[in-house]
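Report on one structure; see the data block that follows.
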Amino acid sequence: MRENQTQPDLYQEEFSMARKIKNAFRNAFTNPYNLIVIVAIVALTYLIVVPLIEMITVTFQATQQDLRRIPGAQVGDFTLFYWNRLLFSDVSSSLLYKPLMNSLGIAICVSVLSIAIGSATAWLMVRSDMPGKKFFSLAIIIPYMLPSWCKSMAWLTVFKTERIGGSPGFLSALGVQVPEWLAYGPLPIILVLTLHYYAYAYLLVSASLSSINSELEEMGEIAGANKLQILRRITLPLVLPAILSSFILTFSKSIGTFGVPAFLGMKANFFTISTRMYSSIRQQQTTTGYAIATILILISSLNVYINQRAIGARKSYATIGGKGGRSTLISLGKWRVLIVVLLVLFIFVGVMGPLIILTVDTFMLKPGVYSLDNFSLHYWSGAGNPDIYEGEPGVFANSRFWQIAGNTLKLVLITSIVATVCGQIIGYIASRGRGKFSGKLVEQMVFIPYLIPSIAFGAIYLSMFSKPQLLIPSLYGTFTLMVLVSVVKHLPFSSRSGTSNMMQIGIELEEAGSIEGASFLQRFGRIVLPLSKNGFISGLMLIFISIMKELDLIILIVTPSMNTLPYMAFTYSNSNMAPYSNVVAVIMFVIVLFFYWLTNKVSKTDISKSLGG
Amino acid sequence: MSRIVLKDIDKFYGSNHVLKNLNLTIEDGEFMTLLGPSGCGKTTTLRVVSGLERPQNGFLYMDDELMVNAKELFFAPPSKRGLNLVFQSYALWPHMTVFNNVAFGLTIKHVPKDEIKKKVESALERMQILEFKARYPSELSGGQQQRVAIARAIVSEPKVLLLDEPLSNLDAKLRIDMRSELKRLHQELGTTVIYVTHDQVEALTMSTKVAVFFEGNLVQVDTPMNVYQNPADLRVADFIGNPSINFVDATAQLNGDTLEVSSELGTFKYDRADFTENEFPQSGKFDCVLGVRPEQVKLSIKEVEGASGAIVYACQPAGSETLVQVNIGETKLLIKQVGVKNYSTNQQLYATVLENMVTVYSKETGKLLKFSHEE
Chain A
1 MRENQTQPDL
11 YQEEFSMARK
21 IKNAFRNAFT
31 NPYNLIVIVA
41 IVALTYLIVV
51 PLIEMITVTF
61 QATQQDLRRI
71 PGAQVGDFTL
81 FYWNRLLFSD
91 VSSSLLYKPL
101 MNSLGIAICV
111 SVLSIAIGSA
121 TAWLMVRSDM
131 PGKKFFSLAI
141 IIPYMLPSWC
151 KSMAWLTVFK
161 TERIGGSPGF
171 LSALGVQVPE
181 WLAYGPLPII
191 LVLTLHYYAY
201 AYLLVSASLS
211 SINSELEEMG
221 EIAGANKLQI
231 LRRITLPLVL
241 PAILSSFILT
251 FSKSIGTFGV
261 PAFLGMKANF
271 FTISTRMYSS
281 IRQQQTTTGY
291 AIATILILIS
301 SLNVYINQRA
311 IGARKSYATI
321 GGKGGRSTLI
331 SLGKWRVLIV
341 VLLVLFIFVG
351 VMGPLIILTV
361 DTFMLKPGVY
371 SLDNFSLHYW
381 SGAGNPDIYE
391 GEPGVFANSR
401 FWQIAGNTLK
411 LVLITSIVAT
421 VCGQIIGYIA
431 SRGRGKFSGK
441 LVEQMVFIPY
451 LIPSIAFGAI
461 YLSMFSKPQL
471 LIPSLYGTFT
481 LMVLVSVVKH
491 LPFSSRSGTS
501 NMMQIGIELE
511 EAGSIEGASF
521 LQRFGRIVLP
531 LSKNGFISGL
541 MLIFISIMKE
551 LDLIILIVTP
561 SMNTLPYMAF
571 TYSNSNMAPY
581 SNVVAVIMFV
591 IVLFFYWLTN
601 KVSKTDISKS
611 LGG
Chain B
1001 MSRIVLKDID
1011 KFYGSNHVLK
1021 NLNLTIEDGE
1031 FMTLLGPSGC
1041 GKTTTLRVVS
1051 GLERPQNGFL
1061 YMDDELMVNA
1071 KELFFAPPSK
1081 RGLNLVFQSY
1091 ALWPHMTVFN
1101 NVAFGLTIKH
1111 VPKDEIKKKV
1121 ESALERMQIL
1131 EFKARYPSEL
1141 SGGQQQRVAI
1151 ARAIVSEPKV
1161 LLLDEPLSNL
1171 DAKLRIDMRS
1181 ELKRLHQELG
1191 TTVIYVTHDQ
1201 VEALTMSTKV
1211 AVFFEGNLVQ
1221 VDTPMNVYQN
1231 PADLRVADFI
1241 GNPSINFVDA
1251 TAQLNGDTLE
1261 VSSELGTFKY
1271 DRADFTENEF
1281 PQSGKFDCVL
1291 GVRPEQVKLS
1301 IKEVEGASGA
1311 IVYACQPAGS
1321 ETLVQVNIGE
1331 TKLLIKQVGV
1341 KNYSTNQQLY
1351 ATVLENMVTV
1361 YSKETGKLLK
1371 FSHEE
């Protein structure tokens, strides 16, 4: 050995395995990224993958109550009994095939109608010289902001008949004979869902339209095409990808939706796959319900898969067509006035009208009598009167309301904060681990809840946590379970906003910090956190609103002592106490609109970002 | 103070081999420019030195101290390497004022407050931006942001200053100003500078040494003038110089100590004294390529002895110089002349090649065979 360490030829290091192992450990444990990734993967596995597998496994296991129907089986034995019953028995038709056909039919009609309305309004808003655009840009979106179940209650307020609904609706009160198919069943479900979901098509198509440079259309004009030819042969093909992807989005949302078909169908014995699943589980046929949930998840996943295959690749060409650029508006000419009148009618008659009637109804003591002396605050704050709805007190005078409102607020607040923080952390992993296997894995896992319709997701959690699990006691009927299910279901959404938030913070800003010697925590605290504040707040608000509105997700896991305002409205409506459920609905949309307004005020967030919620 | 040795460095991104067995020594106090087209590995080299990137193979020493031993997975953290980095995007923290941006590193090291103030202000003073210390980066112009980024890098008095294409976001005039500023800064501070650029003018004007990269390989390390006059191979020759070098196909014959090269420009003879160490092709006669810089050809209107006839293809006067494209037989040549010349298209001129200054490359390997030699 030579003594002189500075000789260049001593750069020949001797390899030492011991040093390598020591360094490998030190690298692994001093890199906080690795720690976060490990925690995230374990948590996501336990909260998403395991529950899903668990639920599917349960559908192949015999339960106590069905033992006598499965010869020779013990509890927990493998059995195809439930799948046989669901797919190949004489009850299959009413359990699965009919509801499935109903769901598919509804989903297709809703998608087609939504796209027609959404694309037309989008074209009018973006490409035409329609007046009053500022007003319409908000008015068109408002229906989407309100929970869809609120809208179905508004529908009932107008169209319901005494035969099923107990008290008469607005039209019957005016002496109009309302046929039953207009009050309950597929038609109202399709119309209400369309009023809710056309916003998707509107937002996607208008984004795509505004990315088209009008020079492309002008070139067509120079080549001698007329307006209709330009629309059909240039504009339409360019927005086709957006139209297709809003079709898929609307389809997959409406096939799994629960609130609207529950309000407008169940009472008339009209079932969709989601309401059938709900009633199966409520009637103690839990395993059958899980099997239906599995089918629902399968359909949704297939749908998203088709979306990725069919549109994913082609979606990009709308932007090749030119980035925004100059845009010349197309004159509507003599149609201008007519179109505006139609649009105003659509918004007022279709959406605002029913909501106003619903609100007025809450002040009418005797349903259907619209006169000033019938005005009353009874349903809002009156003390219980044994003659009116069996002494149920007005909503504000009801201690249960305050307890549930408090519970709702607590749930929404805790859930949205937890979901947003998790979303930001996952966003950090996804943005910093771009190209790494770990980043991709986390991104994919977080995406799974998106594939699963809310009500099926509730079913999964019901099956997983209604009995004690490894390290976790039974959570059925607890606040924790509601928080858990809401957080995980909203993870795709919160982590998407977290990712886009973190992507805005260039990795070089962090590298500059590590060059200066800042540790991970110092970098996070002094660079990443202050810079992500705004994105954090706007993400939080949107999740807040989304959870606030939620009915489908929690409907299966609520209990009489642990529930939320949407569920309260749902139970009032189910027990034919329409005025009370209307009051709760009015309170709900006041809260929701207030928070939308606040979000807009605080963060200038685009409403369209709330698409995923 | 600081000598940097990169030894046998390999870097992969997935299956993409970005640095191929890199060996480079940067002497203390040197202004070393890493030059090459985008994607050649120059920025990766800088990031390996800085510690932001971990190579899969090789060693890195700074001041004879081991910083990277990839085989043993030993990587000293960036802050332990006594260096600082100016990012291409500047990477100024948008939520901190100019003062806080520059002071950040010192506060991490818990330097006393009054000392931070003194150091930060002197760094800002040096970069002539003291007056902006209370502003936020978004309130500064691109050139001012650049100065903040440099102030932030020099405030901690690093032994090595790394600059990643720092001038690429500035407009042409500011770029020339900042070039002289950076050159001065290097001389005043005396630190070792590693400078990454794809702009050969920056490389030639500022550095004491230039390292040229192609596709992850280090092709040539030399002084700027040597890189210009004697590019190690055809790719380097083509990359360096604006307007770029003319390549002329020729055949060569080695006769004892004399290399005889024939092309449409004429027949040139070169002595062994000018030969490089690269091996010559074995056969007696072989194909080669002549490297002729645009300023290495003289043009005259009258016929001169030894000149070849040249037909003007296009003439581009630009005030201080004129670029003339001529055809000599089948050979196209771009020639640079000082001052304004107005030749008409298809005009007959006479071209004299300064034959000793021409470089000769092997057609087969692309390697330099004969050095350029002053006339």
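Just so you know, the sequences run in chain order A and B.
Those letters in the first sequence? Residues 1 to 613, per the working numbering, in order.
Those letters in the second sequence? Residues 1001 to 1375, per the working numbering, in order.
All C-beta atoms in this analysis are idealised placements derived from N, C-alpha and C, irrespective of residue type, glycine included.
These numbers come from a predicted model, not from an experiment.
- In the displayed model, Cys150/A falls within a helix according to three-state DSSP.
- In the DSSP annotation of this structure, the continuous segment of the beta strand (DSSP E) that includes Ser1263/B starts and ends at 1258 to 1263.
- Just measuring C-alpha positions, the residue of Phe136/A, Ser274/A, Val586/A sitting nearest Thr121/A is Phe136/A.
- Within chain B, Ala1091, Trp1093 have C-beta atoms less than 7 Å from the C-beta of Leu509/A, given in sequence order.
- When DSSP states are grouped into helix, strand and coil, Tyr184/A belongs to the coil group.
- Interface annotation for the stretch 511 to 541 of chain A against chain B: Glu511, Ala512, Gly513, Ser514, Ile515, Glu516, Gly517, Ala518, Ser519, Gln522, Arg526, Ile527, Pro530, Leu531, Lys533, criterion Cβ-Cβ distance under 9 Å.
- By the Cβ-count criterion, Gln74/A is exposed, with fewer than 16 other Cβ atoms from all chains shown falling within 10 Å of its own Cβ.
- A contact between stretches requires three or more CB pairs, one per stretch, nearer than 8 Å, and the stretch 1345 to 1355 of chain B fails this requirement with the stretch 1211 to 1222 of chain B.
- Taking a contact to require three or more Cβ pairs closer than 8 Å, the stretch 504 to 516 of chain A and the stretch 551 to 568 of chain A do not qualify as touching.
- Out of Ala242/A, Thr272/A, Glu54/A, the CA that lies nearest to the CA of Ile255/A is found in Thr272/A.
- Residue pairing by DSSP places Gly1266/B opposite Ser1263/B in a beta bridge.
- Scanning Asp1274/B, Lys1367/B, Lys1159/B for the CA closest to the CA of Asp1063/B turns up Lys1159/B.
- For Ser16/A, the chain B residues whose Cβ falls inside 8 Å of its Cβ are Glu1072, in order along the chain.
- Within the stretch 1104 to 1133 of chain B, Phe1104, Gly1105, Ile1108, Lys1109 place their CB atoms closer than 8 Å to a CB of chain A, listed in sequence order.
- Among the residues facing chain B, Gly433/A is not included, as its CB has no counterpart in that chain under 8 Å away.
- Between Phe1087/B and chain A, the shortest Cβ-Cβ separation is below 8 Å.
- In the DSSP annotation of this structure, the continuous segment of the beta strand (DSSP E) that includes Tyr1350/B starts and ends at 1348 to 1353.
- By the criterion of a C-beta distance shorter than 8 Å, Asp1028/B is surrounded in its chain by Met1001, Ser1002, Arg1003, Thr1192, once the five residues flanking it on both sides are discounted.
- For Leu1204/B, the enclosing alpha helix (DSSP H) stretches over residues 1200 to 1206.
- Bounds of the beta strand (DSSP E) holding Pro1317/B are 1308 to 1317.
- Annotation for Glu54/A: the continuous alpha helix (DSSP H) segment containing it runs 50 to 58.
- Per DSSP, the unbroken beta strand (DSSP E) holding Cys1288/B starts and ends at 1285 to 1292.
- Residues Ile297 of the same chain have their beta carbon placed closer than 6 Å to that of Ile452/A, with the five preceding and five following residues left out of the count.
- With its beta carbon less than 8 Å from one in chain A, Pro1078/B belongs to the interface.
- When C-beta atoms of the stretch 133 to 151 of chain A are compared with those of the stretch 580 to 591 of chain A, three or more pairs fall below 8 Å, so the two segments count as touching.
- The contact set of Ser1050/B on chain A, defined by CB atoms closer than 9 Å, consists of Glu511, Ile515 in chain order.
- When DSSP states are grouped into helix, strand and coil, Asp552/A belongs to the coil group.
- Residues of the stretch 249 to 272 of chain A with a C-beta atom less than 7 Å from some C-beta of chain B do not occur.
- Going by DSSP, Ser1300/B is part of the beta strand (DSSP E) stretching over 1297 to 1300.
- Counting only Cβ-Cβ distances below 8 Å, Gly506/A has contacts in chain B at Ser1089, Ala1091, in chain order.
- Cβ contact annotation for Met1178/B (same chain, cutoff 6 Å, sequence separation greater than five): Leu1167, in chain order.
- Judged by DSSP secondary structure, Val1219/B falls within the beta strand (DSSP E) whose first and last residues are 1217 to 1222.
- If you ignore the 5 residues before and after Thr194/A, its C-beta comes within less than 6 Å of the C-beta of Val110, Leu113, Ser114, all in its own chain and listed in chain order.
- Note that the C-beta distance between Gly1291/B and Thr1359/B is below 8 Å.
- In this structure, the CA atom of Ile557/A is about 22 Å from the CA atom of Ser399/A.
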